[in-house]
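Presented below is the structure to which this report refers.
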RNA sequence: GGGCGCUUAGCUCAGUGGUAGAGCACUACCUUGACAUGGUAGGGGUCAUAGGUUCGAACCCUAUAGCGCCCACCA
């Protein structure tokens with residue numbers, strides 16, 4: 001016997017254990033009958049960071065994947081949901097360093113690379129399974145026996161092979177150029193890992209004699225303390241205007257502006273626009289760079305915008321991406337003034353050496369002011385690049401890095417989406433993808449970290465670069481190159497984590513080995529991922545898959561949105577608006593959380609998460625539980641060879657047809673990747689149709705004396721409930737699996753777990769005549785209930801119902817369902833009469849009239865009002881139909897179906913009004 | 001600056017050419033032999049605004065306003 005209330009926490013671990021024991025999610029054994037001739041369906045999981053723990057984004061992403069995976073598994077496909085985790089270079093290195101510090105162990109540098117790596121592996125062995133266990137709690141039906149990690153031996157081999165091959169083809173190369181440098185982690189990061197944050201300062205100051213000072217502007221003292229305080233709080237958000245004196249005439253100045261004053265120490269030119277007449281005579285002259293006391297040229301370059309500022313711009317090739325290009329064009333020196341942690345280096349005058357970049361900012365401004373060279377400071381709004389992991393201001397910094405020629409690889413990746421080899425769902429994300437791919441920049445793939453795939457490159461004594469898959473191969477190459485055995489040094493850098501992630505769809509299947517899994521499951525069927533990592537991950541998998549497998553990594557890409565809080569804000573720890581999916585699972589059950597995710601996720605749009613929603617779906621689970629309990633109490637047992645097409649009772653035939661419709665809706669919605677429609681269709685069927693109507697309707701059968709009817713109804717209830725469990729399983733795997741096992745036939749257990757049962761395919765069960773008949777019953781009951789409520793007839797009072805002049809079919813219908821109608825509408829009996837009795841409430845169902853004659857119970861005023869309201873509503877609809885039907889254009893141009901429909905509707909409405917008006921008259 | 005998207009019931013959102021929907025919230029009644037995590041019945045919307053296309057527009061087109069996101073730039 002089922003408990004009265006569904007307790008998720010009690011069943012979830014047990015069900016998970018059942019699945020595990022049965023190895024239910026293992027992909028088909030290749031070549032065996034188990035999976036050999038079934039159509040493969042593979043999804044690779046977006047590997048979560050091994051340091052991660054389940055957040056709402058994971059909950060959404062993995063719920064959706066599991067919905068598709070369970071659906072296809074039930075449809076008989078050989079499903080592989082390939083799980084695994086990502087080594088997450090920076091994040092993991094950080095976590096372990098923090099842990100070392102917290103436990104007072106020697107730090108990373110003290111340990112040295114080998115020992116530190118060892119520590120990370122130890123950490124992974126101990127804590128790396130967290131997120132995987134959390135995914136299991138969510139119910140994810142991955143083939144856990146195939147779990148992979150991006151640093152696994154096999155995957156590392158793939159990484160090395162890809163690097164070596166792309167290098168050999170010139171698609172990976174080394175270059176010295178500006179990178180986004182993270183001074184906190186002391187590594188280069190890619191463009192994508194930089195977040196531009198908008199900053200606005202508050203400090204302003206205007207030099208008394210500034211060239212652009214307006215008349216009457218009061219002199220202002222320069223308040224260094226205030227500036228220092230402001231900048232300590234937020235170093236960005238101010239524009240500083242400096243006067244650079246001309247070398248040959250120090251009394252004359254050229255004014256330049258910057259938001260990063262300290263970079264002026266690395267200036268190597270001032271640029272003006274070639275056509276800017278204000279400066280024509282100055283081009284070719286030099287200015288005396290203050291503080292640094294270097295002479296730098298005034299050059300003409302189109303980069304300078306006469307409209308902006310003074311039209312003259314300082315050029316710092318080593319610390320600004322645009323200036324770098326200008327510098328290349330004019331052969332300017334590149335003076336790098338920063339070290340790896342963002343302190344000023346030996347390239348600057350003694351006074352500034354060793355200063356932090358922001359301290360140097362204050363000092364430069366103060367010193368220029370002291371020299372009378374500070375024209376003004378104004379607050380400005382500008383975006384400042386910040387590291388997405390470190391949160392610190394990123395510096396453009398000149399270093400040697402490895403790059404991948406993404407532009408070249410992107411070409412085929414663009415074509416593959418253009419010609420439909422891979423399809424985005426919804427399609428509009430293709431535009432975002434193309435936009436990015438057409439403007440793709442060289443991908444900086446090297447990172448100055450210790451945790452990751454070390455780059456397979458070695459340097460000879462003369463700097464010659466050897467790239468090969470192993471130290472042995474490199475030694476041979478060096479021998480050949482130098483003519484003798486030569487010691488080489490390995491490049492200490494590791495690869496961007498996304499480099500290995502890019503190979504995920506084939507590396508996890510065993511590539512570069514020739515495995516049966518690669519042959520069978522690549523290209524994968526579907527990728528389910530958030531819109532935020534289209535660039536990071538999807539684009540790069542497309543490039544790598546097409547290059548190394550000559551085929552797309554996935555046929556379809558289902559993009560979903562982000563999970564926001566109720567106010568539409570991104571969830572973040574600092575805002576304190578994070579919901580923890582595990583807490584929600586504890587509170588409401590995994591099924592409720594999953595259903596919420598599936599129901600809220602609509603075609604790539606962000607979703608605002610609300611706990612109330614989860615609560616609602618927890619209630620839904622309880623509803624399903626209680627419906628099962630009802631079935632159990634009424635001994636509704638399934639029959640082995642039950643045939644829904646063979647039932648005779650109209651109610652049973654009706655629910656069979658409704659089930660067919662529901663199955664079709666859910667199937668179609670899932671096929672179209674519209675999980676919200678699928679979830680809603682299943683919800684509406686189970687609660688609205690099965691529980692609210694069918695179970696209520698057949699209670700008469702179940703408590704009646706007709707044993708044959710009782711038996712048929714019991715087995716129909718059992719069968720329908722089975723279909724409900726199937727329709728809900730991919731959303732609510734735990735409760736459905738539990739109920740599936742529980743609803744046994746006279747102690748005979750199920751042959752299969754629900755997750756391995758077959759998806760229903762129903763046809764030919766729906767019958768319009770039956771729908772009309774049961775529809776009539778439903779409408780009649782609803783109408784009576786409505787009248788009762790509006791007449792304020794107490795719920796406990798039973799009333800008589802008089803059917804007015806029903807024709808034969810109506811009499812038949814009523815006779816067949818008399819008990820049911822009477823029970824649901826709380827009637828004391830149904831009789832027939834030629835006309836409605838006096839002093840009765842009248843209701844209309846289709847073309848049938850019925851009356852509730854209850855002298856003394858009916859509130860005549862209320863009844864009048866009710867009828868008036870109904871007539872008014874019908875009249876207004878008639879007017880609408882008339883307007884249409886009287887419009888010659890509508891009649892001649894509209895589709896015939898539309899015309900016919902309008903006419904039908906009008907006739908129906910007229911009949912209704914007629915009957916309602918008659919009822920009014922009878923009231924007097 | 002370029003791109004994408006949104007504006008529908010109090011709230012959160014579905015709905016892509018033919019009778020405006022759901023969940024939650026709200027109101028009234030109901031502890032009816034599955035379920036109060038429930039049942040029954042209700043109230044509530046000039047579908048952002050202005051034009052246009054169409055027999056017909058929440059839906060297609062144009063413009064405007066507001067909001068959000070992504071990319072680029074920022075002297």
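Residue numbers (my numbering): 1 to 924. Backbone N, C-alpha and C fix where the C-beta goes; we use that ideal spot for every residue, glycine too.
- For residue 803, the uninterrupted beta strand (DSSP E) run begins and ends at 799 to 804, by DSSP.
- In this chain, residue 550 is not harboured by any alpha helix (DSSP H), its DSSP state being neither H nor E.
- Assignment of beta-bridge partners to residue 403 by DSSP yields 173 and 444.
- Counting every other CB atom within 10 Å of its CB across the protein chains shown gives residue 620 a total of 16 or more, marking it as buried.
- Taking C-beta separations shorter than 6 angstroms and ignoring five residues to either side along the sequence, the partners of residue 301 in its chain run 271 and 326, following chain order.
- Under the three-state reduction of DSSP output, residue 893 falls in the helix class.
- Three or more Cβ pairs closer than 8 angstroms define a contact, and the stretch 82 to 96 meets that threshold against the stretch 42 to 51.
- Contact between residue 242 and residue 368 holds: CB atoms are separated by about 6 angstroms, below the 8 angstroms threshold.
- Within the stretch 66 to 110, the complete alpha helix (DSSP H) runs of at least 4 residues fall at 89 to 102.
- Of the other Cβ atoms in all chains shown, fewer than 16 fall within 10 Å of the Cβ of residue 465; this residue is therefore exposed.
- Per the C-alpha coordinates, the member of 853, 314, 787 and 831 positioned closest to residue 805 is 831.
- Per the coordinates, the alpha-carbon of residue 707 lies some 16 angstroms from the alpha-carbon of residue 819.
- Residue 42 is bridged by DSSP to 80.
- Secondary structure note for residue 429: it is in no beta strand (DSSP E), and the uninterrupted alpha helix (DSSP H) holding it is 429 to 438.
- A distance below 8 angstroms between beta-carbons, with the five flanking residues on each side excluded, links residue 361 to the following residues of its chain, in chain order: 231, 235, 260, 261 and 262.
- Residue 255 and residue 276 have their C-alpha atoms some 14 angstroms from each other.
- When 177, 598, 635 and 221 are compared, the shortest CA-CA separation from residue 710 is found for 635.
- Judged by DSSP secondary structure, residue 166 falls within the alpha helix (DSSP H) whose first and last residues are 153 to 168.
- Relative to the Cα of residue 845, the nearest Cα in the group 870, 853 and 838 belongs to 870.
- Note that the stretch 469 to 486 does not touch the stretch 121 to 135; fewer than 3 beta-carbon pairs, one per stretch, sit closer than 8 angstroms.
- Three or more Cβ pairs closer than 8 angstroms define a contact, and the stretch 884 to 902 falls short of that threshold against the stretch 799 to 818.
- Looking only at 364, 264, 314 and 196, the smallest Cα-Cα distance to residue 383 is reached by 196.
- Just measuring C-alpha positions, the residue of 720, 777, 667 and 136 sitting nearest residue 691 is 720.
- Bounds of the alpha helix (DSSP H) holding residue 369 are 357 to 370.
- C-alpha of residue 168 to C-alpha of residue 469: approximately 12 angstroms in a straight line.
- Counting along the chain, residue 840 sits inside no alpha helix (DSSP H); it lies in the beta strand (DSSP E) bounded by residues 840 to 845.
- Burial state of residue 773 is buried, judged by a 10 Å Cβ sphere holding 16 or more other Cβ atoms.
- When Cβ pairs closer than 8 angstroms are counted between the two stretches, the stretch 9 to 28 is seen to touch the stretch 142 to 161, the count reaching three or more.
- Taking the CA atoms as reference points, residue 388 sits about 12 angstroms from residue 180.
- Residue pairing by DSSP places residue 542 opposite no residue, since no beta bridge is assigned to it.
- In the DSSP assignment, residue 248 falls outside any alpha helix (DSSP H), carrying neither H nor E.
- Looking at the backbone, the Cα of residue 457 and that of residue 295 are separated by about 41 angstroms.
- Rounded to the nearest angstrom, the gap between the Cα atoms of residue 748 and residue 638 is 10 angstroms.
- Counting the other Cβ atoms within 10 Å of the Cβ of residue 904 gives fewer than 16, which makes it exposed.
- Assignment of residue 288 by DSSP, reduced to helix, strand and coil, places it in the strand class.
- When rounded, the separation of the alpha-carbon atoms in residue 703 and residue 848 is 29 angstroms.
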